[in-house]
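In what follows, a single structure is set out as structure tokens and then discussed.
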Amino acid sequence: MTKKAIITIHLVGMLLITLMFLVDFSSNVRAENDIGTLANEGISLYRQRRYPEAKIALEKAILIKKEPNLYYLLGNTYYMLGELEKSEDTYREALKIDPNYMPALQNLGRLLYKEKKYNESIAVFDRVLAKDPEDIKAIRFQAGSYHGMGNMPKAIEKFEQIHRLNPEDSET
């Protein structure tokens with residue numbers, strides 16, 4: 078084999094390796110920028126309790142497409158990571174897109190309750206109850222909020238409402 082033939086074979090080999098790398102790289106970039114892939118990855122990581130990785134995938138997904146369910150899942154992820162302020166902000170972002178997105182409303186109300194922002198929690202659960210007046214969990218959080226604020230008559234009123242809706246409720 079001549080020196081020229083060896084160089085040609087070497088160059089063709091290098092070209093093939095470069096092409097294979099570029100094809101692999103472009104498919105990885107495409108996968109990283111695919112909303113479905115990122116959302117599914119985020120959901121899967123969240124279910125596996127791999128919250129730091131879920132956070133990254135969901136943050137990337139939201140950059141591509143702003144959907145209330147993605148903000149909701151990211152809010153849950155922030156919550157699990159103890160990033161409560163980010164969690165609250167993210168639930169609010171979901172509600173900017175869809176003001177009636179129940180999962181975000183409910184979790185925002187719970188988070189506000191946990192943070193002892195009772196007036197805000199009551200207001201959020203008022204929105205939940207406007208859609209479902211018999212949502213016992215929402216009424217219970219309102220009762221707890223009134224109790225936390227020291228408004229016992231209002232707390233009792235809410236507990237009585239729960240009892241009327243479900244007399245068998247052992248927590249009331």
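For the sequence shown, our numbering gives the first residue as 78, with consecutive numbering after it. Where is the CB? At the ideal position from N, CA and C, for every residue including glycine.
Q. Which whole-angstrom value describes the C-beta separation of S158 and A116, a residue pair presumed to lie in contact below a C-beta threshold of 8 Å?
A. At residue 158 the sequence reads Leu, which differs from the Ser that was named. For L158 against A116, the beta-carbon gap comes to about 19 Å, at or over 8 Å, which does not count as contact.
Q) By DSSP, does K143 sit in helix, in strand, or in coil? A) Three-state result, K143: coil.
(Q) Does chain C have any CB closer than 8 Å to the CB of H224? (A) Reference to chain C is not applicable here, since this structure consists of a single protein chain.
**Q.** Pairwise C-alpha distance: V205 and E211
**A.** Taken atom to atom, the span from the alpha-carbon of E211 to that of V205 is near 10 Å.
Q) Just curious, the alpha helix (DSSP H) that D203 is in, first and last residue? A) From DSSP, the alpha helix (DSSP H) with D203 extends over Y195 to K208.
**Q.** Simplified DSSP assignment, three categories, for L135
**A.** If DSSP states are grouped into helix, strand and coil, L135 belongs with the helices.
Q) In its own chain, which residues sit with a C-beta less than 7 Å from the C-beta of K193, not counting the 5 before and 5 after it? A) Sequence-distant partners of K193 (beyond 5 residues in either direction) whose C-beta falls short of 7 Å from its own C-beta, in its chain, are G225.
Q) Can Y190 and S222 be called in contact, C-beta distance under 8 Å? A) In this structure, Y190 sits near S222, with a CB-CB distance shorter than 8 Å.
Q | C-beta atoms of F202 and G227 nearer than 8 Å | A | No, Cβ-Cβ distance for F202 and G227 is not below 8 Å.
Q. What's the call for L96, buried or exposed, on a 16-neighbour Cβ count within 10 Å?
A. Any answer about L96 is weak, because its pLDDT of 45 lies below 50 and its placement is not dependable; what the coordinates show is given next. It is exposed - the Cβ of L96 has fewer than 16 other Cβ atoms within 10 Å.
Q.
Helix, strand or coil for G119? Go by DSSP, reduced to three states.
A. In the structure shown, G119 sits in a helix (DSSP, three-state: H, G or I).
Q) Hey, would you say Y168 sits closer than 8 Å to L140, going by beta carbons? A) No, they are not a contact pair.
Q. In or out: P176 buried (at least 16 other Cβ within 10 Å) or exposed?
A. That one is exposed.
Q) Excluding sequence positions up to five away, which residues of its chain have a Cβ less than 7 Å from the Cβ of N243? A) Leaving aside the five residues that flank N243 on each side, the residues in its chain whose CB is nearer than 7 Å to its CB run, in chain order, I213.
Q. When burial is assigned at 16 or more other CB atoms within 10 Å of the CB, is I199 buried or exposed?
A. Looking at its Cβ environment, which holds 16 or more other Cβ atoms inside 10 Å, I199 is buried.
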